[in-house]
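What follows is one structure encoded as structure tokens, with my remarks underneath.
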Amino acid sequence: MLIDELMIDNFGKLNNTDIKLEPGFNVIYGENESGKSTAFGFIKAMLFGVNRSRSRNIAADEYTFYEPWVNKNFYEGKMRIKTGGTTYRIERVFSKNGREFHLIDEEEGKEIYPDGALYKKIIQELSEDTFSNTLWISQNKYNIGDGLVGEIKNYVSNINGSKAMDMDVKKAIAELKKEKKVFEKKIAALEIARTEDELQRYGALDASIIKLKNQLKDIENQAKEYGITFEEKIAEPKKEPEEKKEEKEEPFDSTTKAWIIVAFIWFLSIIFMFFAGVGVGLVTGILTSFAFMIYRILPQFRKEEEKEEEKPEEPKYDEATVENKRREYTRARDKINWSLDALYDKRNTYLELKERYEKLKRKKAQYNEEIRAINVAIKTIEELSNDIQSDFGSDINELASEYISYFTGGKYSNITVDEDFNVFLNERDKLIKIEQLSSGTARQVYLAVRLAVARVLFNEEKMPIFLDESFAMYDDTRLTNTLRGLMRISASQVVIFTCVKREMHILDELGIRYNKIVLR
217 MLIDELMIDN FGKLNNTDIK LEPGFNVIYG ENESGKSTAF GFIKAMLFGV NRSRSRNIAA
277 DEYTFYEPWV NKNFYEGKMR IKTGGTTYRI ERVFSKNGRE FHLIDEEEGK EIYPDGALYK
337 KIIQELSEDT FSNTLWISQN KYNIGDGLVG EIKNYVSNIN GSKAMDMDVK KAIAELKKEK
397 KVFEKKIAAL EIARTEDELQ RYGALDASII KLKNQLKDIE NQAKEYGITF EEKIAEPKKE
457 PEEKKEEKEE PFDSTTKAWI IVAFIWFLSI IFMFFAGVGV GLVTGILTSF AFMIYRILPQ
517 FRKEEEKEEE KPEEPKYDEA TVENKRREYT RARDKINWSL DALYDKRNTY LELKERYEKL
577 KRKKAQYNEE IRAINVAIKT IEELSNDIQS DFGSDINELA SEYISYFTGG KYSNITVDED
637 FNVFLNERDK LIKIEQLSSG TARQVYLAVR LAVARVLFNE EKMPIFLDES FAMYDDTRLT
697 NTLRGLMRIS ASQVVIFTCV KREMHILDEL GIRYNKIVLR
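For the sequence shown, this note's numbering assigns the number 217 to the initial residue and increments by one for each residue that follows.
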């Protein structure tokens, strides 16, 4: 991405000011209070807008800080950028009465109505934090000792997740943990433990029912000793009387029939005597008659025996005793039945409670599954973040080492940024902490690491670098090496804001072409 032109209509102390920037080196020169910082603030405001703060500190409130010195109602400007082979014009109005933002595609000659994602894509996924932590290097950002180290740790930590499609790892994990707490609260609201306690109170219910049923059986068995039964007899429906069949009068009674049969037997025996002899026929007739009479008489004896057997036994207990026992067993039986009815009511409640408990368990299992999925997601994001950090750190170390070699003329050539974002110069025999370096060298290390981070983040397209009075503490040798190193890095655009002419003199000595802009 390149900044092509600044058209400052009215912003801070600058109005009706056009600044044309070119690829490569640009030096914006002006004495103090000439508007250099305002020009830089304008670039940032055109890219990201102007933030308002309730703080009484004017410097903390960008809107008030850059409010036009004259005609405050006319607070606006334009900026032309080139990215992805297309030229865009950004137009913004910052006035209180109505803020406006317009994006014009100058190649197509039409206005684009971008959503946030589209605009971010046009400016190469650049965020305000990333801009401040990588592309803008200000003199005010340099602090010796812990302040400098803290700043390096802070900006490397803040942008560490940006390589993964600008994903904010901490925010993602925080959102997942927030969602996890929601499910944990839902589980607590189920009150499963209280329901389990209620179920335990019904634990001996079935055993009590079985015990009472056994007592009923004992009572019924005891009652049988007295001939008492408690089963209700079901009245059977009366059968319709069958139609009486007309009885035919028999010509002979059964006795007459019997003598007729005996006579017929003797008749046959006489005939048999005629053919087989008198003796044989006589014997046959006697035996046959005898057999027939036995056949007729035997059932009479059987009927008599059955009558004897059907005689009822004498009762063991008198009626008064039986009636007393009946009342006694009935009361006991009724008492048990009442207890059983109460237990059955409780059992119905128990079954409803158990069904509710099973539903709660299924719901809890569902919530626990959601929590498990969230834990897996958090673990995965952390592992991916660590992998990204490892790869990201390795790339930073390699590029920062290359850049510090340029800036120091080969004196230092190995920078290490560890997993805790501590920065070291890695010499052959020792690691040198950044706190142990001179002020100028520490600034060069700081610059090398920042530029390495910017290169890793925006590897698809080179981004402009803004140096706001960044070399005030550099001696001539260090500045010469740094400017030569910046040329070798081949950034798309380097914009130097300075109140002295030293940078331009050294660029001239090095034969490096640059675009000079003078603010008065």
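Think of the CB as a built atom: it goes at the ideal place given N, C-alpha and C, for glycine as much as any other residue.
Between the C-alpha atoms of residue i and residue j, what's the straight-line distance to the nearest angstrom?
i, j, result
"N232", "E323", "25 Å"
"Q709", "F241", "6 Å"
"D225", "G293", "5 Å"
"S311", "L319", "18 Å"
"S253", "L222", "14 Å"
"D345", "L351", "10 Å"
"R543", "R563", "30 Å"
"F687", "P680", "18 Å"
"V716", "R729", "18 Å"
"F555", "A439", "What sits at residue 555 in the sequence shown is Ser, not Phe. So the two alpha carbons sit approximately 20 Å from each other."
"N313", "I353", "34 Å"
"L218", "T596", "37 Å"
"E341", "S654", "35 Å"
"N540", "N437", "16 Å"
"E614", "V672", "10 Å"
"E367", "N349", "Interpretation of E367 is limited by its pLDDT of 48, a score under 50 that renders its predicted location unreliable; the figure taken from the coordinates is listed afterwards. Looking at the two C-alpha atoms, the distance is approximately 9 Å."
"N630", "I650", "13 Å"
"Q652", "A658", "9 Å"
"T280", "F264", "16 Å"
"E553", "N430", "Sequence check: residue 553 is Asn here, not Glu. Cα to Cα, the separation comes out at about 12 Å."
"Y573", "Y583", "15 Å"
"D724", "I306", "34 Å"
"E316", "P239", "29 Å"
"I612", "I705", "14 Å"
"M295", "R308", "9 Å"
"I408", "I389", "29 Å"
"E535", "L432", "23 Å"
"K396", "K402", "10 Å"
The alpha helix (DSSP H) with residue i in it runs from where to where?
i, result
"G701", "692 to 705"
"T657", "655 to 673"
"L421", "421 to 440"
"M262", "252 to 264"
With burial defined as no fewer than 16 other Cβ atoms inside 10 Å of the residue's Cβ, what is the status of residue i: buried or exposed?
i, result
"V592", "exposed"
"D234", "exposed"
"F682", "buried"
"V398", "exposed"
"A261", "buried"
"W285", "exposed"
"Y329", "exposed"
"G727", "exposed"
"E458", "Its pLDDT being 46, under 50, E458 is placed unreliably in this model, and the value from its coordinates should be taken loosely. Its Cβ having fewer than 16 others within 10 Å, E458 is exposed."
"I476", "exposed"
"D220", "buried"
"F674", "buried"
"R578", "exposed"
"L334", "exposed"
Would you mind giving the Cβ-Cβ distance between residue i and residue j, rounded to the nearest angstrom? I have them listed as a contact below 8 Å.
i, j, result
"L641", "Y628", "5 Å"
"D321", "T302", "6 Å"
"E685", "F713", "6 Å"
"M175", "Y245", "Here the chain covers residues 217 to 736 and nothing more, so residue 175 does not appear."
"L392", "I590", "5 Å"
"T411", "L569", "7 Å"
"V661", "V639", "6 Å"
"L559", "I425", "5 Å"
"L735", "G332", "Not quite, the Cβ-Cβ distance comes to about 33 Å (not below 8 Å), so this is no contact."
"F227", "F256", "No, F227 and F256 are not in contact; Cβ-Cβ is about 11 Å, not under 8 Å."
"A616", "A664", "5 Å"
"G656", "R694", "5 Å"
"E278", "N267", "5 Å"
"L647", "T632", "7 Å"
Between which two residues does the beta strand (DSSP E) carrying residue i extend?
i, result
"R268", "Looking at the DSSP string, R268 is not in any beta strand (DSSP E), and its letter there is neither H nor E."
"G293", "292 to 299"
"Y730", "730 to 734"
Per DSSP, residue i forms a beta bridge with which residues?
i, result
"Q416", "According to DSSP, which records beta bridges pairwise, Q416 is partnered with nothing at all."
"E283", "According to DSSP, which records beta bridges pairwise, E283 is partnered with nothing at all."
"I648", "L641"
"Q709", "G240, P680"
"L319", "I306, I328"
"S167", "Residue numbering for the chain in the displayed model covers 217 to 736; residue 167 lies beyond these limits and cannot be assessed."
"N226", "N231, E292"
"E221", "K236, R296"
"V633", "V639"
"Y545", "According to DSSP, Y545 bridges with nothing at all."
"T714", "Y245"
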